[in-house]
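Numbering (full-length UniProt numbering), first residue to last: 1 to 104.
Here a beta-carbon is modelled for each residue, glycine too, at the ideal position from N, C-alpha and C.
Below you'll find the structure, written out as structure tokens, and then a few comments.
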């Protein structure tokens, strides 16, 4: 009776071993397929992110070149300094002299 159990169990053991190997292979193929899909979507996400970063940089540079108001704000803060006021007056006098030379 123990011999019958042993042979029957051995046959089922091989069957389960083969099914286990097949299940492992199928599982690995599914994981490889999922990882390929994830890699594809990851690459697409990186490309989209790169496009947004590039667009933001390009728009940031063009908007900073167009608006000079933020650059003038520190000069407005320095206008309370008497030396800065004298320096600005000298620069204005130089500009007026140049404009007068060009006008003649």
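Could you give the DSSP three-state label for residue 93: helix, strand or coil?
-> Translated into positions along the chain shown, residue 93 becomes position 93. The answer is helix: DSSP assigns residue 93 an H, G or I state.
Report all residues from its chain with a CB closer than 7 Å to the CB of residue 64; omit the five preceding and five following residues, and keep chain order.
-> What you label residue 64 is simply residue 64 of the chain shown in a count that begins at 1. Bear in mind that the predicted position of residue 64 carries a pLDDT of just 49, short of 50, making it too unreliable to give a figure here.
Between residue 21 and residue 39, what straight-line distance do the alpha-carbon atoms span, to the nearest angstrom?
-> By 1-based counting over the chain shown, the position of residue 21 is 21. By 1-based counting over the chain shown, the position of residue 39 is 39. Each residue's alpha carbon lies about 26 Å from the other.
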